[in-house]
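S.K.:
Chains as they are written, first to last, in my numbering: chain A, 1 to 282; chain B, 283 to 576.
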């Protein structure tokens, strides 16, 4: 700090406290709503203080789900989300790191073409090419399967770039020394490059896990069987069927459960999260 | 393109390493994109028996369609508002955190977690608060004499989706602004303070110019976010209504193609959206190159 200005310090804290309250308020309301019974929402305005039905609501959602909207128990949906998020994160990291390795450590015909083909995936978010992609997945018979949920989302230009940038900073001497000692390309990759990339992989995993967990449109399209519903898309089904008179306490219990895993990851792995976020966006 | 000084001499291994990534890219990205381009030039009869090649017919129809132009206009309003609010609020918060030493970290933790909230969930949270019958905010507005019902009022529906979308994006912008502010050298501010510049003058003449690379980067990212990543927000709150007032482009592609089954028009819309993404990315990369020199 350059100089001491008490009123500016007060203002600083004031701004931040107001900011934190505004940011947290919607979630606070959701948590509160999930602790009441249905009757609390018939009396005009939502309750602002916790009620006594926390365990009932969460217990019902986790074990039975919401029968009126045909949604399966939340344990199943949470498990599906977990499978999807982990599969996407691991597969993206795996295929990106080996393709970045090929691009940086080898020289071969069509290298530039391969690089640009991967680059193009940056330009085509699922949302804009949705119908033809859906058609491909349907033709391959991948609807209502974990493969259909994950494989179309695992090509990643950003992860490939991140590893490429990182490999370019790895000193050439390491590789020359490995070659002098007679290590082949796969041995060099496994014994030297992979251990060096560990932090990058962890940071990327945090970001990609969140990315996979948040997917909405894609699961909405490729799953019609409730066995494969993910929690983020399932919530919409519960809230939408109930549009006239939603069971707010149960919907909000589901909302809280859907938010919890990725939010905890951000809070407890904040250092990796920030690193992953800032570096993938360069 | 850059490689290493020495490389591994191997003919087939690099292709094997690239194969999974390239296979997925070709099957799930390039091929569907080409299909979209192809069907954007075709008209399919309602029963799907016959497709005719009609050149730019779908595009011409689209650009003359008041509904599409309305959607374009709505997307523009939405993107500008979300970008302005999300960046403005997060800049203020980042500047505040940057003034603090130890407590800044606590505030950071309390401000970044909405990044992990899915857009649909953000939509549902705000929908709950603005619910005309039980929402707390619509109740408070009612006390002030404002009748809130985003199911019939177009402006209110727009306000709802703008707030929900901005709320989610603040944490992202905040982190980048904090990183940007930390790279502004303290010596400059100190020198200016010795010369008698107050905190606001220092902010405008030193911090703002030095922060411009971050600001520009975030501008592109936020426009991109508002245009393409907010599908869930819309779907959870307004579904494009009332009367198409929140039917932004990315939602319209879905609604026309999946719900309305108008393949040709939806494909043409996809292609136009891809062009917009390509323009945004080119702008971003040109800018990044310039930043490297500077």
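Cβ atoms here follow ideal geometry from the backbone N, Cα and C, with glycine treated the same way. These figures come from a predicted structure and were not determined experimentally.
Determine the direct distance from the alpha carbon of residue 119(A) to that of residue 190(A), and round the result to whole angstroms.
M.R.: Approximately 25 Å, taken between the alpha carbons.
S.K.: Consider the Cβ of residue 242(A): report whether some Cβ of chain B lies at a distance smaller than 8 Å.
M.R.: With a pLDDT of 46 at residue 242(A), under the threshold of 50, the modelled position of this residue cannot be trusted, and the question is left open.
S.K.: For residue 325(B), write down the residues that DSSP places opposite it in a beta bridge.
M.R.: Answer by DSSP bridge pairing, in chain order: 334(B).
S.K.: When you compare each of 331(B), 485(B), 309(B), 497(B) to residue 140(A) by their alpha carbons, which one comes out closest?
M.R.: That would be 309(B), whose Cα lies nearest to the Cα of residue 140(A).
S.K.: Could you check what DSSP says for residue 121(A) in three-state terms: helix, strand or coil?
M.R.: Residue 121(A) falls in the helix class under three-state DSSP.
S.K.: Give me the chain A residues within the contact set of residue 384(B), using Cβ-Cβ distance strictly less than 9 Å, ordered along the chain.
M.R.: Per Cβ cutoff of 9 Å: no residues; residue 384(B) is ~12 Å from chain A at best.
S.K.: What is the residue span of the alpha helix (DSSP H) that residue 87(A) lies within?
M.R.: It spans 74-105 - the alpha helix (DSSP H) in which residue 87(A) sits, taken as one unbroken run.
S.K.: Indicate the three-state DSSP secondary structure (helix, strand or coil) for residue 612(B) in the structure shown.
M.R.: Shown here, chain B extends from 283 to 576; a query on residue 612(B) therefore has no answer.
S.K.: For residue 255(A), I'd like the list of residues in its chain whose CB is within less than 8 Å of its CB, leaving aside the five on either flank, ordered along the chain.
M.R.: If we look at residue 255(A) and ignore the five residues flanking it on each side, its Cβ neighbours are 30, 34, 235.
S.K.: By the 7 Å beta-carbon criterion, what residues does the segment 121-134 of chain A contribute toward chain B?
M.R.: Going along the segment 121-134 of chain A in chain order, one finds 121, 122, 123, 124, 125, 127, 128, 129, 130, 131, 132, 133 with a Cβ nearer than 7 Å to chain B.
S.K.: Just to confirm my understanding: we take residue 154(A), look at its own chain, exclude 5 residues before and 5 after, and list those with CB closer than 7 Å. What are they?
M.R.: Closer than 7 Å at Cβ, skipping near neighbours: 88, 91, 92, 95.
S.K.: Give the interface partners of residue 35(A) over in chain B, defined as CB-CB distance under 8 Å, in chain order.
M.R.: Per Cβ cutoff of 8 Å: no residues; residue 35(A) is ~14 Å from chain B at best.
S.K.: Indicate the three-state DSSP secondary structure (helix, strand or coil) for residue 246(A) in the structure shown.
M.R.: Reduced to three states, the DSSP call for residue 246(A) is coil.
S.K.: When the Cα of residue 296(B) is compared with those of 74(A), 109(A), 250(A), which residue comes out closest?
M.R.: With distances taken between Cα atoms, residue 296(B) lies closest to 109(A).
S.K.: Is residue 286(B) helix, strand or coil when you go by DSSP?
M.R.: Three-state DSSP puts residue 286(B) in coil, outside helix and strand.
S.K.: Any beta carbon from chain B within less than 8 Å of residue 38(A)'s own beta carbon?
M.R.: By this cut-off, residue 38(A) is not an interface position.
S.K.: Does the structure place the segment 440-453 of chain B close enough to the segment 507-519 of chain B that three or more beta carbon pairs sit under 8 Å?
M.R.: Because the criterion of three Cβ pairs below 8 Å is met, the segment 507-519 of chain B and the segment 440-453 of chain B touch.
S.K.: Among 46(A), 12(A), 41(A), whose alpha-carbon lies nearest the alpha-carbon of residue 26(A)?
M.R.: Comparing Cα-Cα distances from residue 26(A) to each of 46(A), 12(A), 41(A), the minimum goes to 46(A).
S.K.: Is the CB-CB distance between residue 532(B) and residue 137(A) below 8 Å?
M.R.: No, they are not a contact pair.
S.K.: First and last residue of the alpha helix (DSSP H) that includes residue 303(B)?
M.R.: It spans 295-307 - the alpha helix (DSSP H) in which residue 303(B) sits, taken as one unbroken run.
S.K.: Give a yes or no on whether 8 Å exceeds the smallest Cβ distance from residue 46(A) to chain B.
M.R.: By this cut-off, residue 46(A) is an interface position.
S.K.: Could you tell me which chain A residues have their CB closer than 7 Å to the CB of residue 292(B), listed as they occur along the chain?
M.R.: Under the 7 Å cutoff, chain A gives 106, 185.
S.K.: Compare the beta carbon distance of residue 28(A) and residue 400(B) with 8 Å and say whether it is the shorter of the two.
M.R.: No, they are not a contact pair.
S.K.: Tell whether a beta-carbon distance below 8 Å holds between residue 446(B) and residue 408(B).
M.R.: Yes, Cβ-Cβ distance for residue 446(B) and residue 408(B) is below 8 Å.
S.K.: Any beta-carbon of chain B closer than 8 Å to the one on residue 176(A)?
M.R.: Taking Cβ atoms only, chain B reaches closer than 8 Å to residue 176(A), which makes this a yes.
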